[in-house]
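Trainee:
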Amino acid sequence: MRWALVKVSLAVTTMVVLAFAVPLGLVIREMARDRAFSNAEREAAAVAPALSITTDRDQLERVVASAGSDAGMAVHLPAGDGQDAIELGRQRAADQDIAAVRKLGRASSTGVAGGSTLLQPVALSTGEIAVVEVYVPESEVTNGLGTAWAVLAAVGVALILGSVAVADRLGVRMVRPAKRLVEGAHELGEGKLGARVPEEGPTELRLAAVAFNSMADQVVQLLANERELAADLSHRLRTPLTVLRLNTASLGEGPAADQTRTAVEQLEREVDTIIRTAREAKPQTAAAGPGAGCDAAEVVRERMAFWSALAEDEGRKWRVAGAERPVRIPVARADLAAALDALLGNVFRHTPEGTAFAVDLHNGEDAVIVLVSDAGPGISDPAAAMARGRGSGSDGSTGLGLDIVRRLAETTGGDVRIGSSVLGGTEVRIWIQLDGRAPVSGGHRGAVRRRRPGRLAAAYQRSRSSH
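My numbering numbers the first residue of the sequence shown as 856 and each following residue consecutively.
1. If you draw a straight line from the C-alpha of Ala-1009 to the C-alpha of Leu-906, how long is it?
2. What is the DSSP secondary structure of Thr-1058, counted as helix, strand or coil?
3. Between Ala-901 and Ser-1018, what straight-line distance do the alpha-carbon atoms span, to the nearest angstrom?
4. Would the beta-carbon of Ala-891 fall within 8 Å of that of Val-991?
5. Using a Cβ-Cβ distance under 8 Å, would Arg-917 count as near chain E?
6. In whole angstroms, what is the alpha-carbon distance linking Asp-1258 and Ala-1064?
7. Does DSSP put Ser-994 in a helix, a strand or coil?
8. Kindly indicate which residue of Ala-1192, Ile-1224, Val-919 has the alpha-carbon position closest to the one of Gly-1268.
9. Any idea if Gly-1309 is buried or exposed, counting beta-carbon neighbours within 10 angstroms, 16 or more meaning buried?
10. Excluding five sequence neighbours on each side, which residues of the same chain lie with their C-beta closer than 6 Å to the C-beta of Ala-963?
11. Within its chain, find whatever has a CB closer than 8 Å to the CB of Glu-1055; leave out the 5 residues flanking it on each side and keep chain order.
12. Could you tell me the alpha carbon to alpha carbon distance between Val-861 and Ala-1066, rounded to whole angstroms?
13. Suppose the cutoff is 8 Å on Cβ atoms and the five residues either side in sequence are ignored; what does the same chain contact list for Thr-965 look like?
14. Mapping DSSP to helix, strand and coil, what is Arg-1024?
15. Return the bridge partner residues of Pro-976 from the DSSP annotation.
16. Rounded to a whole number of angstroms, what is the C-alpha to C-alpha distance between Ala-1166 and Lys-1172?
17. Can you name, in chain order, every residue of its own chain whose Cβ lies under 6 Å from the Cβ of Ala-985, other than the five neighbours on each side?
18. What does Ile-908 pair with, by DSSP beta-bridge criteria?
19. How many whole angstroms separate the CB atoms of Ala-1222 and Gln-1288, which I take to be in contact at a CB cut-off of 8 Å?
20. For Glu-1179, tell me which candidate among Glu-1157, Val-1186, Leu-1199 has the shortest Cα-Cα distance.
21. By how many angstroms is the C-alpha of Val-1155 removed from the C-alpha of Glu-1282?
22. So for Asp-1236, helix, strand or coil by DSSP?
23. Where DSSP assigns a beta bridge to Ala-1222, which residues make up the other side?
24. Could you tell me whether the Cβ atoms of Thr-1210 and Ala-1193 are closer together than 8 Å?
25. Can you tell me whether Asp-1215 is buried or exposed? The criterion is at least 16 other CB atoms within 10 Å of its CB, across all chains shown.
26. Return the bridge partner residues of Glu-942 from the DSSP annotation.
27. Here's the rule I'm using: 16 or more other beta-carbon atoms within 10 Å means buried, otherwise exposed. How should His-1217 be labelled?
28. Please list the terminal residues of the continuous alpha helix (DSSP H) segment that includes Ala-1189.
29. Is the Cβ-Cβ distance between Gly-1039 and Ala-876 less than 8 Å?
30. What are the boundary residues of the beta strand (DSSP E) that includes Val-1271?
31. Taking the DSSP output, what are the residues bridged to Thr-1281?
32. Give every residue of the same chain whose Cβ lies closer than 6 Å to the Cβ of Gly-1298, excluding the five residues on either side of it in the sequence, and list them in chain order.
33. Please report the distance separating the alpha-carbon of Ala-940 from that of Ala-954.
34. If Arg-1051 sits next to Ala-1071, beta carbons under 8 Å apart, how far is it from one beta carbon to the other, in whole angstroms?
35. Output the boundary residues of the alpha helix (DSSP H) element that contains Ala-954.
36. If I follow the unbroken alpha helix (DSSP H) through Arg-1158, where does it start and stop?
What follows is the structure in structure tokens.
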């Protein structure tokens, strides 16, 4: 594209320069010729007064000599009144040309060797017509013409070079963004998902760069969502795996029981590996659309009915509060079920058998609080647990359980807090906004101040003090 622009500019500028320079050069040549013949006419006019007064040869020679043009001027007087024809100076024009001018009475010019001659008729006192011949050499006609042509050529070359330089700069300005766009496309095709192109250059290329960057962001978003979905689905396998692991405890001793326990442990390790591999990208969860959501009370009752069977097998006391009436929240049913399974699964995995736990549901005007608490040993460092939930992971834990819970809350503008429960162990509080607040985007998620309704906070404190 760059060289094409340069060639087009070179061709167009060359044609324009030729179209103006050639006619201008011809005009300059005609002006130089007119100047030379104007000088010749002035020389001829200088001797015309003397010819109208006298035809004496000696006097005319003095007049011609005083004019300073005796070498290039000739005077032709016709014969008359018994006087022979007089020829002064060197004749260069042909006799027929001189006779034609004398007969017609009009000035004329004719070409001769080395230049041209101006034949100027002058009326004598006798009524005859004399002809004054002034020689105009070719050097005088072309005087200054070479310099003028050189100047025109220099200006034309300068214009051509200038246009080529401008076209080259414009070509670079157009080609550079195009090259960057091509390089970015190649990098993205090679799997470099961070490839982006500067949004600069002509309007069309700038719009193409904007579209490319938007497409690259969409690709990264789609891949991140796919990885997170794989991790999420893998983590949901933890619930049946937990049931299998707990049930293996009732198999007793023996080779079959040991093989079953080994298989369950190996399956748990494989699930952990899948989760860690899939979590290479940060999760990107979109907010629930208008009208989406579920009945939190129904989901809590359903999941507690599932986990209650395991609780009875391990001798765990459990309690559910606040799930008697419907509680609508802007969260998908499957997401809330996955979050509850993750928290309850942690209770069964990380607390001894016989440890009590509870799930409380508090409904407010613009927020809902879900509390999952236990009577276990508690979490010594809640901040570290939340950091692990953001993706660091550790041996025996992928951290995805808390990450699923946190993402669920933050899609509504809420958050997750870990603290001490009234049962003496850990309490995980999920704050779900109901007022349609947009999810936190950019910066540290959960860092935005959130309004806490007074009646909901009061009910939450009363429930804690009543346990």
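Note that the Cβ used here is the ideal one computed from N, Cα and C, for glycine as well.
The model shown is predicted, which means the values in this text are computed figures rather than measured ones.
Mentor: To lay it out plainly:
1. Start at 1 with the first residue of the sequence shown, and residue 1009 comes out as number 154. Start at 1 with the first residue of the sequence shown, and residue 906 comes out as number 51. Looking at the two C-alpha atoms, the distance is approximately 49 Å.
2. Here the question's residue 1058 lines up with position 203 in the sequence shown. Three-state DSSP puts Thr-1058 in a helix.
3. Within the sequence shown, residue 901 is the residue found at index 46, counting from 1. Within the sequence shown, residue 1018 is the residue found at index 163, counting from 1. Computed Cα separation, rounded: 52 Å.
4. Taking the first residue of the sequence shown as 1, we reach residue 891 at position 36. Taking the first residue of the sequence shown as 1, we reach residue 991 at position 136. Result yes, Cβ atoms of Ala-891 and Val-991 sit closer than 8 Å.
5. Chain labels in this structure do not include chain E; a single protein chain is all it has.
6. Working through the sequence shown from its first residue, we reach residue 1258 at position 403. Working through the sequence shown from its first residue, we reach residue 1064 at position 209. Straight-line Cα distance between these residues: approximately 35 Å.
7. For the purposes of this step, residue 994 is taken as the residue at position 139 of the sequence shown. Looking at Ser-994 - three-state DSSP - the assignment turns out to be helix.
8. If you number the sequence shown from 1, residue 1268 lands on position 413. The option with the nearest alpha carbon to Gly-1268 is Ile-1224.
9. Locating residue 1309 in the sequence shown gives position 454, counting from the first residue. Per-residue confidence for Gly-1309 stands at a pLDDT of 46, beneath the threshold of 50, marking its modelled position as unreliable; the derived number appears in the next sentence. Exposed.
10. Position 108 of the sequence shown holds residue 963. In the sequence under discussion, the amino acid at residue 963 is Ser, which differs from the Ala named in the question. Here the set comprises Val-956, Leu-974.
11. What you label residue 1055 is simply residue 200 of the sequence shown in a count that begins at 1. Pro-1032, Arg-1061, Ala-1064, listed in sequence order.
12. Here residue 861 refers to the residue found at position 6 when the sequence shown is read from its first residue. Here residue 1066 refers to the residue found at position 211 when the sequence shown is read from its first residue. One C-alpha to the other measures close to 29 Å.
13. For this step, residue 965 is matched to residue 110 along the sequence shown. Excluding positions up to five away in sequence, the list reads Ala-948, Ala-949, Asp-952, Ser-971, Thr-972, Leu-974.
14. Start at 1 with the first residue of the sequence shown, and residue 1024 comes out as number 169. Helix.
15. Locating residue 976 in the sequence shown gives position 121, where the first residue counts as 1. Answer is Val-986, bridged to Pro-976.
16. If you number the sequence shown from 1, residue 1166 lands on position 311. If you number the sequence shown from 1, residue 1172 lands on position 317. So the alpha carbons of these two residues sit roughly 7 Å apart.
17. Translated into the one-based positions of the sequence shown, residue 985 becomes position 130. Only Leu-906, Leu-932, Val-977, Leu-979 meet the Cβ criterion.
18. Residue numbering aside, residue 908 sits at position 53 when the sequence shown is read from its first letter. Ile-908 is not bridged to any residue.
19. Within the sequence shown, the letter at position 367 stands for residue 1222. Within the sequence shown, the letter at position 433 stands for residue 1288. Indeed, because the Cβ distance is near 6 Å, the residues count as touching under 8 Å.
20. By one-based count along the sequence shown, residue 1179 stands at place 324. If we check each option's Cα against that of Glu-1179, Glu-1157 comes out closest.
21. Numbered from its first residue, the sequence shown carries residue 1282 at position 427. Numbered from its first residue, the sequence shown carries residue 1155 at position 300. Their Cα atoms are separated by approximately 16 Å.
22. In the sequence shown, the residue the question calls residue 1236 occupies position 381. Coil.
23. For the purposes of this step, residue 1222 is identified with residue 367 of the sequence shown, where counting begins at 1. Note: Ala-1222 sits in a beta bridge opposite Gln-1288.
24. Within the sequence shown, numbered from 1, the residue matching residue 1210 stands at position 355. Within the sequence shown, numbered from 1, the residue matching residue 1193 stands at position 338. No, the pair does not count as a contact, with Cβ atoms beyond the cut-off.
25. Indexing the sequence shown from 1 puts residue 1215 at position 360. So Asp-1215 counts as buried.
26. Here residue 942 is taken as the residue at index 87 of the sequence shown, counted from 1. His-931.
27. Locating residue 1217 in the sequence shown gives position 362, where the first residue counts as 1. Its Cβ being crowded by 16 or more others within 10 Å, His-1217 is buried.
28. In the sequence shown, the residue the question calls residue 1189 occupies position 334. That run of the alpha helix (DSSP H) goes 1188-1205.
29. As a working mapping, residue 1039 is identified with position 184 in the sequence shown. As a working mapping, residue 876 is identified with position 21 in the sequence shown. Cβ atoms of Gly-1039 and Ala-876: not closer than 8 Å.
30. In the sequence shown, the residue the question calls residue 1271 occupies position 416. Element bounds for Val-1271: 1270-1275.
31. Mapped onto the sequence shown, residue 1281 falls at position 426. DSSP, once it has assigned bridges, lists Ser-1275 as partnering Thr-1281.
32. If you number the sequence shown from 1, residue 1298 lands on position 443. Unreliable positioning characterises Gly-1298 in this predicted model, as indicated by a pLDDT of 35, which lies under 50. A coordinate reading is not provided.
33. Position 85 of the sequence shown, counting from 1, holds the residue named residue 940. Position 99 of the sequence shown, counting from 1, holds the residue named residue 954. Their backbone Cα atoms lie some 13 Å apart in a straight line.
34. Position 196 of the sequence shown, counting from 1, holds the residue named residue 1051. Position 216 of the sequence shown, counting from 1, holds the residue named residue 1071. 6 Å between Cβ atoms; contact.
35. To locate residue 954, count along the sequence shown from 1; it is residue 99. Note, Ala-954: alpha helix (DSSP H), 950-959.
36. Position 303 of the sequence shown holds residue 1158. Looking at the DSSP string, the run of the alpha helix (DSSP H) that includes Arg-1158 is 1151-1168.
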